[in-house]
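Data first, discussion second: the structure below is written as structure tokens.
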Amino acid sequence: MQLHVADHPLIRHKVTVLRDKETKSPTFRLLVDELVTLLAYEATRQVRVEECEVETPLTVTTGTKIADPAPLIVPILRAGLGMLDGMTRLIPSAEVGFLGLKRDEETLEAITYANRLPDDLTGRQVFLIDPMLATGGSLVMAIEYVLQRGATDVTCVCLLAAPEGIDHVREAIGDRADVSVVVAQVDEKLNEVGYIVPGLGDAGDRLYGIVDH
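Note that the sequence shown ends on residue 213 in UniProt numbering; no numbers are left out.
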């Protein structure tokens, strides 16, 4: 597994404002959208392309287009829905699938409640999007889902991550597939109930329930 922390001054600035408990919901939504677009730029550096001919007003020339089959973007419901626009804005030709996972607050393990993915993902690049990589349980389950359907190239896009979650993904996936995790920021640790610290405050709640704000 490869980890890429998008260490850019604008990203650090936007994450700081995002986490401020005084940030209002409209600004919060806008910041998430902007951050995801910035992360999508980093996450798609290895997106598959192919040459194509294009007719300009003056001549015919060779250009580049997203290769077939189109990439698949999979928001992990529900929080991942708030990141979808930022991803599809950069890859409008991508297809979208949905995976519903929630965390058991006692065991901290992921539970599946919805699955809207193609049966065959052979040859498809898959982008999994989820705001927070905390314990890693949900993301590991999502990666396993797409690997079982034939995917071998998976990129996970998260706003925040904890070291424990990153380690869990790395250990669970090993070298079975080409898996990358792209994040805006890696935080210090998880607390005793599996949430990322230092204090996220209200921003933490909004990251988990972003589609409700």
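Each residue gets a CB set at the ideal place from its N, CA and C atoms; glycine is no exception. Remember, predicted model here, so these are calculated numbers, not experimental data.
DSSP places Lys14 in the helix class (H, G or I) of the three-state scheme. Residue burial annotation: Gly136 is buried, with at least 16 other C-beta atoms found within 10 angstroms of its C-beta.
Counting every other CB atom within 10 Å of its CB across the protein chains shown gives Gln125 a total of 16 or more, marking it as buried. Using a C-beta cut-off of 8 Å, the segment 6-20 makes contact with the segment 28-39, since at least three inter-stretch Cβ pairs fall below that distance. For Glu95, DSSP records a beta bridge to Leu72.
Between Ile166 and Leu10, the C-beta gap is not smaller than 8 Å, which leaves the two residues out of contact. Taking C-beta atoms as the reference points, Val183 and Leu133 count as a pair closer than 8 Å.
Nearest C-alpha to Ile129 among Val54, Gly97, Asp119, Thr56: Gly97. Excluding residues up to 5 positions away in sequence, Asp33, Val36 lie with their Cβ nearer than 8 Å to the Cβ of Asp85 in the same chain. Annotation: the continuous alpha helix (DSSP H) that includes Leu39 extends over 25-43. Beyond the five residues adjoining it in sequence on each side, Ser93 comes within less than 6 Å, by CB distance, of Ile66, Ala70 in the same chain, given in chain order.
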